[in-house]
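Reminder that position 27 of the sequence shown reads as 31 in this note's numbering, one-by-one numbering, no gaps. Worksheet: the structure to be examined is printed underneath.
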Amino acid sequence: MSRKRALITGITGQDGAYLSHLLVEKGYEVHGLLRRSASADVVNSRLRWIGVADKVTLHDGNLVDQASIIRVLQIAKPSEIYNLAAQSFVKSSWQQPSLTGTVTGLGATHMLEALRTVCPEARFYQASSSEMFGTVQEPVQSETTPFYPRSPYAAAKLYAHWMTINYRESYGLHASCGILFNHESPLRGIEFVTRKISDGVARIKLGLQETLALGNLDAKRDWGHARDYVKVMWLMLQQDKPDDYVAATGRTASVREFCELAFAHVGLRAGDHVVVDQRFLRPAEVDVLLGDASKARDKLGWEAETSLEQLVAEMVDADLARLRTHEHL
Ligand code: NAP
Ligand code: GDD
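Pasting the structure below:
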């Protein structure tokens with residue numbers, strides 16, 4: 005039997021690396037869309053870290069260039085497409101609202117149109133986000149909770165979300181949205197708060213810096229591990245019928261609590277090192293997110309497996325190891 009073929013956009017990001025690893029393990033032929041960078045030597049650093057850089061095929065292309073997507077689909081001939089590419093940093097979406105709309109929003113339409121033209125039988129996963137719940141309309145958010153986006157990023161994701169549903173209903177595509185709550189890992193970008201904390205804690209422990217400057221310490225998130233969350237993406241595309249699912253842990257914690265766990269892991273106290281810097285506040289904030297993933301549990305048999313304590317420990321240990329060996333990621 006021929007191997008299954010998957011195309012991942014955003015393959016060089018956190019989730020792209022974990023998903024590549026999962027699919028390679030399952031015997032897939034994995035293809036990825038790679039946007040050209042002047043720093044070509046570091047673009048696949050996450051794929052190298054996770055050990056799949058030489059097991060995936062990368063294709064030059066960009067979500068804002070529809071012709072490049074069509075060409076990549078014609079070459080890769082995927083039966084599953086995971087659209088993970090995005091300008092994904094919420095804070096930057098106020099600085100670059102048009103770019104965020106173009107890549108994170110319109111980019112999904114480019115993918116859907118290309119799929120419809122080149123390979124309409126392929127199954128499609130759209131990386132939707134809990135950020136779309138924004139100012140939460142229910143204390144615990146599920147697939148039926150109304151959305152209230154609070155950032156240009158969330159508004160762009162909401163457009164992409166509804167376009168995916170619209171294409172499913174209009175053209176009968178096997179297109180599904182995963183409304184994923186925050187998920188982190190040692191491969192998280194350094195600008196996101198959890199990795200900023202794990203890196204900062206490691207630096208302070210090693211005597212490389214004294215303080216860690218953060219923004220809103222009271223914001224609460226439902227934090228899971230990316231390794232667990234890529235499994236739900238794959239499970240969604242193995243179902244006979246496309247559908248939308250929330251993935252979450254069902255536990256929420258504040259940025260302050262995340263700090264306390266991270267500092268405690270190396271025998272330090274967060275209160276001795278964390279300072280608040282107004283520069284890291286946002287024009288509008290999502291105060292609290294807490295997800296209900298019972299639909300994914302009941303229909304897909306999926307559950308988050310990693311506790312917050314395990315996640316924090318793994319991230320801090322990885323940053324300590326990196327700093328000791330002068331590895332950059
Ligand atoms: P990430 O680490 O920021 O990765 C984003 C990926 O998109 C990178 O590979 C990036 O390429 C690529 N990309 C950006 N602009 C592009 C463009 N114009 N054309 C092609 N590729 C482009 O994000 P992540 O944490 O893995 O998240 C994956 C997806 O899930 C994103 O869509 C994100 O918005 C969404 N999501 C994430 C979470 C979370 O907590 N992690 C939760 C819900 C939803 P470069 O490497 O070249 O920058
Ligand atoms: N980045 C950052 N840096 N955030 C900080 C800081 C800081 O110094 N201090 C406090 N925070 C707060 C933010 O204000 C926010 O409330 C929270 O920490 C989490 O911020 P991020 O880690 O940047 O993630 P996010 O929740 O805004 O967005 C992530 O999760 C979404 C899913 O809900 C991203 O991965 C999005 O792409 C994703 O869709």
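No residue lacks a Cβ here, since even glycine has one placed at the ideal position from N, Cα and C.
Can you have a look at residue i and say buried or exposed, based on whether 16 or more other CB atoms are within 10 angstroms of its CB?
i	result
K235	buried
I183	buried
S6	exposed
K200	buried
A288	exposed
L210	exposed
Q78	exposed
P82	buried
Y175	exposed
Q314	exposed
With hydrogens ignored, establish whether the beta-carbon of residue i is closer than 6 angstroms to any heavy atom of the ligand NAP.
i	result
S189	no
D45	no
T16	yes
N66	yes
R184	In the sequence on display, residue 184 carries Leu and not Arg. The answer is yes for L184.
G20	yes
G254	no
R39	yes
V140	no
G193	yes
V107	yes
L88	yes
A71	no
A131	yes
When the distance is taken between beta carbons, is residue j closer than 7 angstroms to residue i?
i	j	result
A80	H35	yes
T256	A308	no
A57	Y32	no
Q130	A159	no
A268	V205	no
P156	T104	yes
V250	G295	yes
V290	R154	yes
L116	Y163	no
L26	I12	no
V47	G65	no
L333	S49	yes
L67	H114	yes
V279	A217	yes
D244	T310	no
D248	E173	no
C181	T198	no
K161	S132	yes
Tell me residue i's beta-bridge partners as DSSP assigns them.
i	result
E2	Beyond the ends of the chain as shown, which are 5 and 333, falls residue 2; an answer cannot be given.
A21	In DSSP, A21 forms no bridge with anything.
Y86	I12 and Y129
V278	L216
G295	Q145
A179	F128
Inset, instruction - Let me know the alpha helix (DSSP H) ranges lying completely inside the region 193-269, each 4 residues or longer, listed in chain order. - result: 197-209, 230-241 and 259-269
Legend entry - Within 5 angstroms of the ligand COA: residues by beta-carbon to any heavy atom: No copy of the ligand COA appears in this structure; the ligands present are the ligand NAP and the ligand GDD.
Legend entry - Uninterrupted beta strand (DSSP E) stretches inside the region 23-70 (no shorter than 3 residues): 33-38 and 60-64
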